[in-house]
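Colleague: The structure under discussion is supplied below as structure tokens; questions concerning it will follow.
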Amino acid sequence: MLILQCLGALAVLLLAAGIAIRLLYPLPALEPRTSSTHFTDTAATPLGRGIARLSPGEAGHSGLHMLKDGREAFAARILLARAAVRSLDIQYYIWHGDLSGTLMLKAVREAADRGVRVRMLLDDNGIAGMDAVLAALDRHPNVEIRLFNPFVLRRPKMLGYLADFPRLNRRMHNKSFTADNQATIIGGRNIGDEYFGARDDALFVDLDVLAVGPIVEHASSDFDRYWSSRSAYPADRILPAVPVDELGGLSRQASLAGREPAARAYVEAIRSLPFIDQTLAGTLQLEWAPVRMVSDDPAKGIGKAPKEGLLAPALREAVGDPQREVRLVSGYFVPGQAGVDAFSALAARGVDVAIFTNAFEATDVWVVHAGYAERRKALLKAGVRLFEMRGPDRADGQRVRRKLIATGSGSGAGSEGPVLRSSGSTLHAKTFSVDDERLFIGSFNFDPRSMHLNTELGFVIESPVLAATVSRAFQVEIPADAYEVVLAEGGQLNWLERTSGGVRVHVTEPGTSQFQRWGISVLSRLPIEWLL
9 MLILQCLGAL
19 AVLLLAAGIA
29 IRLLYPLPAL
39 EPRTSSTHFT
49 DTAATPLGRG
59 IARLSPGEAG
69 HSGLHMLKDG
79 REAFAARILL
89 ARAAVRSLDI
99 QYYIWHGDLS
109 GTLMLKAVRE
119 AADRGVRVRM
129 LLDDNGIAGM
139 DAVLAALDRH
149 PNVEIRLFNP
159 FVLRRPKMLG
169 YLADFPRLNR
179 RMHNKSFTAD
189 NQATIIGGRN
199 IGDEYFGARD
209 DALFVDLDVL
219 AVGPIVEHAS
229 SDFDRYWSSR
239 SAYPADRILP
249 AVPVDELGGL
259 SRQASLAGRE
269 PAARAYVEAI
279 RSLPFIDQTL
289 AGTLQLEWAP
299 VRMVSDDPAK
309 GIGKAPKEGL
319 LAPALREAVG
329 DPQREVRLVS
339 GYFVPGQAGV
349 DAFSALAARG
359 VDVAIFTNAF
369 EATDVWVVHA
379 GYAERRKALL
389 KAGVRLFEMR
399 GPDRADGQRV
409 RRKLIATGSG
419 SGAGSEGPVL
429 RSSGSTLHAK
439 TFSVDDERLF
449 IGSFNFDPRS
459 MHLNTELGFV
469 IESPVLAATV
479 SRAFQVEIPA
489 DAYEVVLAEG
499 GQLNWLERTS
509 GGVRVHVTEP
519 GTSQFQRWGI
529 SVLSRLPIEW
539 LL
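With this note's numbering as the guide, the letters of the sequence shown map in order to residues 9 to 540.
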């Protein structure tokens, strides 16, 4: 009885705190806002002229280059920022104030100084510590920043959930970087050192695609509808005011960061990438293919998107009905019962389904792993194959450089070499292939949060060349560098680890203690799957 009384008192206190925060820190008025849309007359820009010289092969096809390596992905964004002469439209879930984040902001500011119109739409949950520099950048006459579903109370931000949980629990997970409406980058990477290979610890294995051609117009139009959505608040109504000279601190911060030995080595490594010379010389090889963009209606950010405006049904329609195989790569995989049923139905009619996600020792989110762990047996019983990315090498604690998705053949276009490549040990990519014909790349995780709460986007690419790179990975590279989860005779889970000395069988989840396994079991039983 005493415990119930204490819990009741705590609930009342939290409710009162939420009401007080909402009264003291109300959302500002959304309107009036400046109205703007993407530029369409950009064919005469340097990017436009360069792309016009490329040969798409067939009308309506877009050119694609897979950005497998983190450093290459960083260089691609910097090159687009430097090449732009009309506009930069930038949309991200996370933007860190570390080395790569600072250098990226510096490139954006330099573009604005040249007269480029910059529009930045950032999710307010992912810009911790960035208020001052973003407020300063927003004061630049050629820069406008908007924050998606912002927190009015800036410190501590998380208290805002007490006042407005239904809205703040919905985040913009989209990631795109578009220059002059001529070239765009979409995929799984946010802006931060762990995504771009700028530090040695906690690196993510990720995947983006650089695209030119007709699909860029779709990406630009999609940015416009998010920019004008009811969740996109002008930053100057949310962020604390800063002195007019605060922007100079960005250049000083970038200069200081660049003086560190590790930072200098990183910048030099970026400069030496062959990708840069190939791009500047116009010799970068592209895979040309039909591409369709799928994304959530931004009204999902306030819980008012119609069902037909959601990414999930559009993705199912674009992908079609798998006939032979499905190969799924997802760092945060929480299928839920609906997902288990869907994958089981595919397997029951003879479709070969294989899934690659993080092992416990590789994940960076315990609770997400718990949401996946309770579904493993059901998937395996249905005939789905499961592979889990191993974490650090347990012998010496060092991160292992792995080539995770197989060497492709074809025209180049980023298809040569592994399609996921990093020295990291946490899988963050979101991609899947169907029947060696179609490939999805984007921000969409296969979890309830991506399905029902966060906004997402991605490309469905009709390219057997690119789709086959994912399919072939499950034949050799992934089994060699991951645990394969199987059912033992007694119905218990085993983890198979392939080594040079043979196959090692783990009868308990690798890299876990008894306490951690207990914690995973408890978390998996809590009614929180809809939040994951």
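A virtual CB, placed ideally from N, CA and C, is assigned to each residue, including glycine.
Quick one: using the 10 Å Cβ neighbour count with 16 as the cut-off for buried, is residue 11 buried or exposed?
Modeller: Counting from 1 along the sequence shown, the entry for residue 11 is found at position 3. The residue in question, residue 11, is exposed, as its Cβ has fewer than 16 Cβ neighbours within 10 Å.
Colleague: Should the stretch 148 to 162 be regarded as contacting the stretch 122 to 136, the criterion being three or more beta carbon pairs within less than 8 Å?
Modeller: At 8 Å Cβ cutoff, the stretches touch.
Colleague: In terms of residues, what are the limits of the beta strand (DSSP E) holding residue 338?
Modeller: For the purposes of this step, residue 338 is taken as the residue at position 330 of the sequence shown. Taken as a continuous stretch (DSSP letters only), the beta strand (DSSP E) holding residue 338 covers 333 to 338.
Colleague: DSSP state of residue 138, grouped into three classes?
Modeller: Position 130 of the sequence shown, counting from 1, holds the residue named residue 138. Note: residue 138 maps to coil in three-state DSSP.
Colleague: To test your reading of the DSSP string, which unbroken alpha helix (DSSP H) runs of 4 or more residues are found completely within the stretch 220 to 278?
Modeller: The stretch 220 to 278 contains these whole alpha helix (DSSP H) runs: 223 to 235 and 256 to 267.
Colleague: If we ignore side chains and look at the alpha-carbon of each, how far apart do residue 316 and residue 230 end up?
Modeller: Taking the first residue of the sequence shown as 1, we reach residue 316 at position 308. Taking the first residue of the sequence shown as 1, we reach residue 230 at position 222. Answer to the nearest angstrom: the Cα atoms are 16 Å apart.
Colleague: Terminal residues of the continuous beta strand (DSSP E) containing residue 73?
Modeller: Position 65 of the sequence shown, counted from the first residue, corresponds to residue 73. From DSSP, the beta strand (DSSP E) with residue 73 extends over 70 to 75.
Colleague: What distance in whole Å lies between the Cβ atoms of residue 467 and residue 301, which are believed to be in contact at a cut-off of 8 Å?
Modeller: Taking the sequence shown and counting its residues from 1, the one referred to as residue 301 is at position 293. Taking the sequence shown and counting its residues from 1, the one referred to as residue 467 is at position 459. Sure, about 6 Å apart at Cβ, within 8 Å.
Colleague: Return yes when the Cβ of residue 532 is within less than 8 Å of the Cβ of residue 378, no when it is not.
Modeller: By one-based count along the sequence shown, residue 378 stands at place 370. By one-based count along the sequence shown, residue 532 stands at place 524. Going by C-beta atoms, residue 378 is nearer than 8 Å to residue 532.
Colleague: Helix, strand or coil for residue 362, going by three-state DSSP, please let me know.
Modeller: Position 354 of the sequence shown holds residue 362. Residue state, collapsed to three classes: strand.
Colleague: Are there 16 or more other CB atoms within 10 angstroms of the CB of residue 365, so buried, or fewer, so exposed?
Modeller: The residue given as residue 365 occupies position 357 in the sequence shown. Result: buried.
Colleague: Buried or exposed: which applies to residue 536, given that a residue is buried once 16 or more other Cβ atoms fall within 10 Å of its Cβ?
Modeller: Looking up residue 536 in the sequence shown gives position 528. Result: exposed.
Colleague: So, does the stretch 485 to 502 touch the stretch 386 to 400, judging by three or more C-beta pairs under 8 Å?
Modeller: They touch, by the three-pair rule.
Colleague: In the structure shown, what three-state DSSP assignment does residue 536 receive?
Modeller: Within the sequence shown, the letter at position 528 stands for residue 536. If DSSP states are grouped into helix, strand and coil, residue 536 belongs with coil.
Colleague: Would you call the stretch 182 to 190 and the stretch 92 to 99 touching, i.e. three or more CB-CB distances under 8 Å?
Modeller: Counting Cβ pairs under 8 Å, three or more are found: they touch.
Colleague: Who does residue 502 pair with in a DSSP beta bridge?
Modeller: Here residue 502 is taken as the residue at index 494 of the sequence shown, counted from 1. Its beta-bridge partners are 494.
Colleague: Among 375, 110 and 359, which one has its Cα closest to the Cα of residue 390?
Modeller: In the sequence shown, counting from the first residue as 1, residue 390 sits at position 382. Out of 375, 110 and 359, 359 has the C-alpha closest to the C-alpha of residue 390.
Colleague: What's the C-alpha gap between residue 196 and residue 99?
Modeller: Position 188 of the sequence shown, counted from the first residue, corresponds to residue 196. Position 91 of the sequence shown, counted from the first residue, corresponds to residue 99. Going by the C-alpha atoms only, they are around 12 Å apart.
Colleague: Please go through the same chain and pick out, in chain order, the residues whose beta-carbon is closer than 6 Å to the beta-carbon of residue 56, but skip the five residues on each side of it.
Modeller: Start at 1 with the first residue of the sequence shown, and residue 56 comes out as number 48. Excluding residues within five positions, the ones whose Cβ falls inside 6 Å are 50 and 190.
Colleague: Could you tell me whether the Cβ atoms of residue 250 and residue 140 are closer together than 8 Å?
Modeller: For the purposes of this step, residue 250 is taken as residue 242 along the sequence shown, with counting starting at 1. For the purposes of this step, residue 140 is taken as residue 132 along the sequence shown, with counting starting at 1. Yes, the pair counts as a contact, with Cβ atoms nearer than the cut-off.
Colleague: Residue 2: which of 507, 503, 528 and 526 sits nearest, CA to CA?
Modeller: The structure shown does not extend to residue 2, since the chain is modelled only from 9 to 540, so the question has no answer here.
Colleague: Please name the residue, chosen from 540, 292, 271 and 349, that lies closest to residue 392 on a Cα-to-Cα basis.
Modeller: Position 384 of the sequence shown, counted from the first residue, corresponds to residue 392. Of the candidates 540, 292, 271 and 349, the one whose C-alpha sits nearest the C-alpha of residue 392 is 349.
Colleague: List, from N- to C-terminal side, the beta strand (DSSP E) runs of 3 residues or more that fit wholly inside the stretch 103 to 152.
Modeller: Qualifying beta strand (DSSP E) stretches, in chain order: 125 to 131.
Colleague: Would you decide whether residue 497 is buried or exposed? Buried here means 16 or more other CB atoms lie within 10 Å of its CB.
Modeller: One-based indexing of the sequence shown puts residue 497 at position 489. Per the 10 Å Cβ criterion, exposed.
Colleague: Could you tell me which residues DSSP pairs with residue 212 in its beta bridges?
Modeller: On the sequence shown, position 204 is the one that residue 212 refers to. DSSP lists 434 as partners of residue 212.
Colleague: Give me the Cα-Cα distance between residue 210 and residue 435, rounded to the nearest whole angstrom.
Modeller: Walking along the sequence shown from the start, residue 210 turns up at place 202. Walking along the sequence shown from the start, residue 435 turns up at place 427. Reliability of the predicted coordinates at residue 210 is poor, the pLDDT of 49 falling under 50, and no value is obtained from them.
Colleague: Looking only at DSSP bridge pairs, what is residue 8 linked to?
Modeller: Nothing about residue 8 can be read from this structure; the chain reaches only from 9 to 540.
Colleague: Between residue 336 and the rest of its own chain, which residues show a CB-CB distance below 6 Å, the 5 nearest in sequence each way excluded?
Modeller: Here residue 336 is taken as the residue at index 328 of the sequence shown, counted from 1. The answer, listed in chain order, is 363 and 440.
Colleague: Starting from the C-beta of residue 38, find all residues in its chain whose C-beta is less than 8 Å away, skip the five residues before and the five after it, and write them out in chain order.
Modeller: Stepping through the sequence shown from its first residue, residue 38 is reached at position 30. Closer than 8 Å at the Cβ level, and outside the excluded window around residue 38, lie 238 and 241.
Colleague: Taking the C-alpha atoms as reference points, what is the distance between residue 505 and residue 487?
Modeller: Working through the sequence shown from its first residue, we reach residue 505 at position 497. Working through the sequence shown from its first residue, we reach residue 487 at position 479. Each residue's alpha carbon lies about 8 Å from the other.
Colleague: If you draw a straight line from the C-alpha of residue 179 to the C-alpha of residue 311, how long is it?
Modeller: Within the sequence shown, the letter at position 171 stands for residue 179. Within the sequence shown, the letter at position 303 stands for residue 311. The alpha-carbon atoms of residue 179 and residue 311 are separated by roughly 11 Å.
Colleague: How is the beta strand (DSSP E) around residue 511 delimited, first residue to last?
Modeller: In the sequence shown, counting from the first residue as 1, residue 511 sits at position 503. Counting along the chain, the beta strand (DSSP E) containing residue 511 begins and ends at 510 to 514.
Colleague: Looking at the structure shown, is residue 414 part of a helix, part of a strand, or coil, going by DSSP?
Modeller: Position 406 of the sequence shown, counted from the first residue, corresponds to residue 414. In this prediction, residue 414 has a pLDDT of 40, which is less than 50 and means its spatial position is unreliable; what the coordinates show is noted afterwards. Residue 414: coil per DSSP, three-state reduction.
Colleague: Counting only the same chain and skipping the five closest in sequence on each side, list residues whose C-beta sits under 7 Å from that of residue 437.
Modeller: Residue mapping note: residue 437 aligns to position 429 of the sequence shown, counting from 1. Closer than 7 Å at the Cβ level, and outside the excluded window around residue 437, lie 196, 213, 214, 215, 337, 339 and 428.
Colleague: Using 8 Å as the threshold, is the C-beta distance between residue 204 and residue 319 below it?
Modeller: Looking up residue 204 in the sequence shown gives position 196. Looking up residue 319 in the sequence shown gives position 311. Not in contact: residue 204 and residue 319 (Cβ atoms no closer than 8 Å).
Colleague: Using the beta-carbon count (16 or more within 10 Å), is residue 247 buried or exposed?
Modeller: The residue given as residue 247 occupies position 239 in the sequence shown. When all chains shown are included, residue 247 counts as buried.
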